[in-house]
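If you're matching them up, the sequences are chains R and V in order.
Going by my numbering, the first residue of the first sequence is number 1, and it counts up by one from there.
Going by my numbering, the first residue of the second sequence is number 1, and it counts up by one from there.
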Amino acid sequence: EAQVTQNPRYLITVTGKKLTVTCSQNMNHEYMSWYRQDPGLGLRQIYYSMNVEVTDKGDVPEGYKVSRKEKRNFPLILESPSPNQTSLYFCASSLSRGAVGTQYFGPGTRLTVL
Amino acid sequence: QQPVQSPQAVILREGEDAVINCSSSKALYSVHWYRQKHGEAPVFLMILLKGGEQKGHEKISASFNEKKQQSSLYLTASQLSYSGTYFCGTVGAGSYQLTFGKGTKLSVIP
Numbered sequence: 001e002a003q004v005t006q007n008p009r010y011l012i013t014v015t016g017k018k019l020t021v022t023c024s025q026n027m028n029h030e031y032m033s034w035y036r037q038d039p040g041l042g043l044r045q046i047y048y049s050m051n052v053e054v055t056d057k058g059d060v061p062e063g064y065k066v067s068r069k070e071k072r073n074f075p076l077i078l079e080s081p082s083p084n085q086t087s088l089y090f091c092a093s094s095l096s097r098g099a100v101g102t103q104y105f106g107p108g109t110r111l112t113v114l
Numbered sequence: 001q002q003p004v005q006s007p008q009a010v011i012l013r014e015g016e017d018a019v020i021n022c023s024s025s026k027a028l029y030s031v032h033w034y035r036q037k038h039g040e041a042p043v044f045l046m047i048l049l050k051g052g053e054q055k056g057h058e059k060i061s062a063s064f065n066e067k068k069q070q071s072s073l074y075l076t077a078s079q080l081s082y083s084g085t086y087f088c089g090t091v092g093a094g095s096y097q098l099t100f101g102k103g104t105k106l107s108v109i110p
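1. Closest Cβ-Cβ distance between Ala93/V and chain R: below 8 Å?
2. At the level of alpha carbons, what is the spacing between Lys26/V and Thr90/V?
3. Helix, strand or coil for Tyr96/V, going by three-state DSSP, please let me know.
4. Checking the sheet assignment: what are the DSSP bridge partners for His32/V?
5. Can you check whether the C-beta of Met32/R is within less than 8 Å of a C-beta belonging to chain V?
6. Would Gln70/V and Ser6/V qualify as a contact pair, given that the criterion is a beta-carbon distance under 8 Å?
7. Spell out whether any CB of chain R is found under 8 Å from the CB atom of Ile47/V.
8. Taking 6 Å as the limit between beta carbons, can you name the residues of its chain near Ala93/V, skipping five residues before and five after?
9. For Ser23/V, which of helix, strand or coil comes out of DSSP?
10. Output, in chain order, the set of chain R residues within a Cβ distance shorter than 8 Å of Leu98/V.
11. Checking contacts by CB at 8 Å: is Gly106/R closer than that to chain V?
12. At a CB-CB cut-off below 9 Å, which residues of chain V make contact with Phe90/R?
13. Lys50/V: buried (16+ other C-beta within 10 angstroms of its C-beta) or exposed?
14. DSSP three-state call for Gln5/V: helix, strand or coil?
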C-alpha cells in the first residue's frame, strides 16, 4: 500500500530533550516536506527537500533540523525542544519532476513539550 | 506570505452551494486545494497550474485567475461528507515552496 508513515504518532517530552520524528514514504517520491499545524494558523511548512541531500527552509524553520540521506526517509529533528513547538506535525511527499505536485500526507504526530 | 482565504467559516444546508476564495500577493505558478476532516491528515482535491484549469471532482471544481493571483473553489449541491476544513496552498513562480492558507471551515448540516 502506497503510504507515508510517521513515528511516533504521539509524544510528550520535556524542554531541552532532543527528539526525532521519523517520516518514510514507499512511493519513490522525490519531494518531501514537514508542516506544523496550529489552531487558527493553518499548515505552515518547516522544511522541504527536492531530492536526496537537497533541503531548504520553509516558512518556520527555526528550532528544527532535517536531513535527507535516503530518498524514502526525511526525519525531523528538534535539538532542544521548547513549549512553543507543541503542535501537530505532518510529513508529506510528492512526485516532483520539477514542480510541486500532489502532496500525500502522513497521519500526523502530536507533540507536546512541557 | 500565507495566501488569504475567505470566508474563515461557512455553514451550509445539504444541497446548497459554496465558494471558497484564495488570494496571494505574489505571482503564482500553481494553486493546490486540500480538505481536512477533524483528526485526520489533509487530503488532496486538485491542483491548478498557471495557464490551465483542472477539475478534480464532479461537484467540486476550481478556477485560477493568474493575473489577480486568485483561486476559487466551488462546491455545488453540498453533501454532509463535504464538511471539513479546506486549505489552499500556493507555489510561487520559480519556487518549490508550498505555502498554505489558514483554512476555511465548512459545515454542512441536514
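The C-beta atom is built at its ideal place from N, Cα and C for all residues, glycine as well.
So, to answer that:
1. In the second sequence, counting from the first residue as 1, residue 93/V sits at position 93. By the rule that beta-carbons nearer than 8 Å mark a contact, Ala93/V does not touch chain R.
2. On the second sequence, residue 26/V is found 26 positions in, with the first residue counted as 1. On the second sequence, residue 90/V is found 90 positions in, with the first residue counted as 1. Taking the straight line joining both Cα atoms gives about 9 Å.
3. By 1-based counting over the second sequence, the position of residue 96/V is 96. Coil.
4. Your numbering for residue 32/V matches position 32 in the second sequence. According to DSSP, His32/V bridges with Ile47/V and Gly89/V.
5. Here residue 32/R refers to the residue found at position 32 when the first sequence is read from its first residue. Not an interface residue.
6. Residue 70/V sits at position 70 when you count from the first residue of the second sequence. Residue 6/V sits at position 6 when you count from the first residue of the second sequence. Contact: no.
7. The residue you call residue 47/V lines up with position 47 of the second sequence. Output row for Ile47/V: interface = yes.
8. Locating residue 93/V in the second sequence gives position 93, where the first residue counts as 1. Ala27 and Tyr29, listed in sequence order.
9. One-based indexing of the second sequence puts residue 23/V at position 23. The three-state reading of DSSP puts Ser23/V in strand, counting E and B together.
10. Start at 1 with the first residue of the second sequence, and residue 98/V comes out as number 98. In chain order: Ser33, Gln45, Tyr48, Val100 and Gln103.
11. What you label residue 106/R is simply residue 106 of the first sequence in a count that begins at 1. Under the 8 Å criterion on CB atoms, Gly106/R is classed as interfacial with respect to chain V.
12. Residue mapping note: residue 90/R aligns to position 90 of the first sequence, counting from 1. Simply Ala41 and Pro42.
13. Position 50 of the second sequence holds residue 50/V. Label assigned to Lys50/V: exposed.
14. The residue you call residue 5/V lines up with position 5 of the second sequence. Reduced to three states, the DSSP call for Gln5/V is strand.
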